[in-house]
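Peer 1:
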Amino acid sequence: MDSTSLETLQHSFGNLRMNHGNVEINGNMPSSSSLPLNGSLTGVLPTLESSDRVSTLGSSNTASFFPSFDFTEILRGGYGFGEPDPYFLAPPTWKDSLQNHVSFFSENPFLHPHPEAEAIAATANLLGDGFNMGYDESFVGFLQSNRDKIITLAMLEESSKHLQALILMKDPRITKLIFEGAIDNIFQLMTSQSGRYLFQKLVELKDKDMLQRIVEKLTLSDRNIIYNASIDRYGSYSVKKLIKVLQKSPLVNEVVKALANSFWDLMINQTGQHVILECLDILDSQRNDLLYVEAIDKCLKLATDEKGCGALNSFIERIKGPRRDQLLEQICEQVVFLSQHPLGNFVVQCVLGLQNPAFIQKICYQLRGYYVKLSMQKAGSHLVEKCLKSPGLVHVVQEFLQSNQLVQLAKDRYGNYVLQTALKEVKKASSYGALHESLVMKLRSCHNLRDLNYGYGRNILSLMAPPIVPLNRA
1 MDSTSLETLQ HSFGNLRMNH GNVEINGNMP SSSSLPLNGS LTGVLPTLES SDRVSTLGSS
61 NTASFFPSFD FTEILRGGYG FGEPDPYFLA PPTWKDSLQN HVSFFSENPF LHPHPEAEAI
121 AATANLLGDG FNMGYDESFV GFLQSNRDKI ITLAMLEESS KHLQALILMK DPRITKLIFE
181 GAIDNIFQLM TSQSGRYLFQ KLVELKDKDM LQRIVEKLTL SDRNIIYNAS IDRYGSYSVK
241 KLIKVLQKSP LVNEVVKALA NSFWDLMINQ TGQHVILECL DILDSQRNDL LYVEAIDKCL
301 KLATDEKGCG ALNSFIERIK GPRRDQLLEQ ICEQVVFLSQ HPLGNFVVQC VLGLQNPAFI
361 QKICYQLRGY YVKLSMQKAG SHLVEKCLKS PGLVHVVQEF LQSNQLVQLA KDRYGNYVLQ
421 TALKEVKKAS SYGALHESLV MKLRSCHNLR DLNYGYGRNI LSLMAPPIVP LNRA
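Written out as structure tokens, the structure reads:
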């Protein structure tokens, strides 16, 4: 293989050379301060001192690019190789401008023909000419010797890219070694800013055995790994990717079951609720049934929760099948309570927005006797306006006609907008012409009509005035 194409990944893992089980750096054995290969790895990575840097990336002496660096310090940097802690936060990616500099990728014409060829060519540079073995054997040997270090390499930006490129080679031995090195720390991999991309590459292989082990690791652990991953910024992307890959596999049922067990906690979490919604968007109603049952059971609690309210509205817009009617019926049964709740009324508005005539009629019918009261509330006034713009309009207007608080409603800071909407809507529809006339007459008959000359009431008077008919000129 062309030696000029085997330089790049030396920049991530160091200039490594195998020599009887030990690591040789740039032709020399490690110093006494370095560790042997059994349990350690010594290479070269950049430090932050600008005096140690070499500005020219085109040098043939790769080792001169970077000062000496003990890779073991990174590998022992607290990344957590035991069982994942539910509150574990993946460490930030180590940033260094020279380490992350990739101009040499674009300068190598060998990397341009095809995206996959680019990735494989980049991977070919991982060990350079430091191994005197075959091409694939170099990768296999390196991964076998450093299996316990793979999870840490996966969480570093550049080395994660190289591991992803190794997977694209589609060598079963390499893929298995990477997977085995990551599976025991799957939570850390999924929640790492760089590691999540390696996780996505692994699940995209759609290997049944690998997917089975991933699902078992996420769902059978008593540490509730899938929940903690779902509420993590990067972990949520990993879980959503897994759901997408498994959408036609029986394994997805285990994922949905695990999510259903944490339904309430996920729905009130700004990140976690998107994992639930991903299930609704991708999976059919049969696979989502456990989530539907949980939503029906907890809909009233969610509707009155500051974070759960919006999540429930999104759920209502996506639910399908017979469970949809059950959920809407549950909301209709509590519509009087919800309509007067500062958060719950938004859920009622969401149901009205579905434009389902049967449920609109149920809601508008059950709210009779509450329209005047709701119209003088900030949130309730929006709900009444929605009723006025629906087929249930007649229920609202009839209550207004029977009320002795019409002038008070017209003067109210919120109620005047509701009354304006009522006058406009009944006038707009020819079938409600009689209602418009009755409403105007009701307002004019009020003994305190003159009070409308001030404040918000003037908006109502302008709508009550008869249209001015222009005179015909001879």
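Mapping the sequence shown onto the UniProt record's numbering, position 433 (from 1) lands on 433, and the numbers just tick up by one. Ideal Cβ positions, reconstructed from N, Cα and C, are used throughout, including at glycine.
By how many angstroms is the C-alpha of Lys240 removed from the C-alpha of Lys373?
Peer 2: 44 angstroms
Peer 1: Going by C-alpha to C-alpha distance, which of Asp305, Ala358 and Phe315 sits closest to Pro342?
Peer 2: Asp305
Peer 1: Helix, strand or coil for Asp284? Go by DSSP, reduced to three states.
Peer 2: coil
Peer 1: Could you name the residues of the same chain whose beta carbon sits closer than 7 angstroms to that of Gln330, not counting the 5 residues immediately before and after it, in chain order?
Peer 2: Ile296 and Cys299
Peer 1: Closer than 8 angstroms by C-beta to Met464: which residues in its own chain qualify, once you throw out the five before and the five after it? Chain order, please.
Peer 2: Leu423, Val440, Leu443 and Arg444
Peer 1: Looking only at its own chain, which residues have a Cβ that is under 7 angstroms from the Cβ of Phe179, when we skip the five neighbours before and after it?
Peer 2: Leu202 and Met210
Peer 1: Which ranges does the alpha helix (DSSP H) cover as unbroken runs of at least 4 residues, wholly within the segment 248-335, from first to last along the chain?
Peer 2: 251-261, 263-267, 272-282, 289-303, 308-318 and 322-333
Peer 1: Enumerate in chain order the residues of its own chain whose CB-to-CB distance from Lys206 is below 7 angstroms, with the five nearest sequence positions on each side excluded.
Peer 2: Val245
Peer 1: On the three-pair Cβ rule with 8 angstroms, is the segment 211-226 touching the segment 160-172?
Peer 2: no
Peer 1: I need the boundaries of the alpha helix (DSSP H) containing Ser381, first residue and last residue.
Peer 2: Lys378 to Leu388
Peer 1: Alpha carbon to alpha carbon, what distance is there between Ile225 and Glu317?
Peer 2: 28 angstroms
Peer 1: Given Leu388, which residues of its chain have a CB within under 6 angstroms of its CB, disregarding the five upstream and five downstream residues?
Peer 2: Val396, Thr421, Ala422 and Glu425
Peer 1: Between the Cα of Asn269 and the Cα atoms of Cys309, Val351 and Leu251, which residue gives the shortest distance?
Peer 2: Of the candidates Cys309, Val351 and Leu251, the residue whose Cα lies closest to the Cα of Asn269 is Cys309.
Peer 1: Out of Leu393, Phe139 and Leu177, state which residue places its alpha-carbon closest to the alpha-carbon of Arg352.
Peer 2: The sequence given here places Leu at residue 352; Arg does not occur at that position. Comparing Cα-Cα distances from Leu352 to each of Leu393, Phe139 and Leu177, the minimum goes to Leu393.
Peer 1: Where does the unbroken alpha helix (DSSP H) through Arg173 begin, and where does it stop?
Peer 2: Pro172 to Ile183
Peer 1: Looking only at its chain, what residues have a beta carbon closer than 7 angstroms to the beta carbon of Tyr197, apart from the 5 residues adjacent to it on each side?
Peer 2: Ser160 and Gln164
Peer 1: State yes or no: is the C-beta of Gly272 within less than 7 angstroms of the C-beta of Ser230?
Peer 2: yes
Peer 1: Would you identify the three-state DSSP class for His341, choosing helix, strand or coil?
Peer 2: coil
Peer 1: Just mark Asp284 as buried or exposed, buried being the case when its beta carbon has 16 or more other beta carbons within 10 Å.
Peer 2: exposed
Peer 1: Which residue from Asp148, Phe346 and Ala311 puts its Cα closest to that of Glu385?
Peer 2: Phe346
Peer 1: Check each candidate in Leu461, Leu419 and Gln408 and name the one with the smallest Cα separation from Gln398.
Peer 2: Out of Leu461, Leu419 and Gln408, the CA that lies nearest to the CA of Gln398 is found in Leu419.
Peer 1: Determine the closest residue to Tyr237 out of Leu367, Phe187 and Leu143, with distance taken between C-alpha atoms.
Peer 2: For Tyr237, the closest of Leu367, Phe187 and Leu143 by C-alpha to C-alpha distance is Phe187.
Peer 1: Quick check on Pro391: does DSSP put it in helix, strand or coil?
Peer 2: coil
Peer 1: Alpha carbons only, please: which of Ile363, Gln377, Cys350 and Arg324 is nearest the one belonging to Gln340?
Peer 2: Gln377
Peer 1: Ala303 and Leu312 look like a contact to me (Cβ under 8 angstroms); what is the Cβ gap, rounded to whole Å?
Peer 2: 6 angstroms
Peer 1: Does DSSP put Gln420 in a helix, a strand or coil?
Peer 2: helix
Peer 1: May I have the straight-line CA-CA distance separating Gly369 from Gln334, to the nearest angstrom?
Peer 2: 15 angstroms
Peer 1: With distances taken Cα to Cα, identify the nearest neighbour of Asn261 among Tyr234, Ser249 and Asn228.
Peer 2: Asn228
Peer 1: Among His436, Leu242 and Ala429, which one has its Cα closest to the Cα of Gln200?
Peer 2: Leu242
Peer 1: Looking at the secondary structure, which residues open and close the alpha helix (DSSP H) in which residue 480 lies?
Peer 2: Residue 480 is absent from the structure shown; the chain starts at 1 and stops at 474.
Peer 1: If I follow the unbroken alpha helix (DSSP H) through Tyr370, where does it start and stop?
Peer 2: Run containing Tyr370: none; DSSP gives neither H nor E here.
Peer 1: With H, G and I counted as helix, E and B as strand and the rest as coil, what does DSSP make of Gly415?
Peer 2: helix
Peer 1: Considering only C-alpha positions, which residue in the set Ser221, Lys176, Asp184 and Arg223 is nearest to Lys208?
Peer 2: Lys176
Peer 1: In whole angstroms, what separates the C-alpha of Lys307 from that of Asp412?
Peer 2: 30 angstroms
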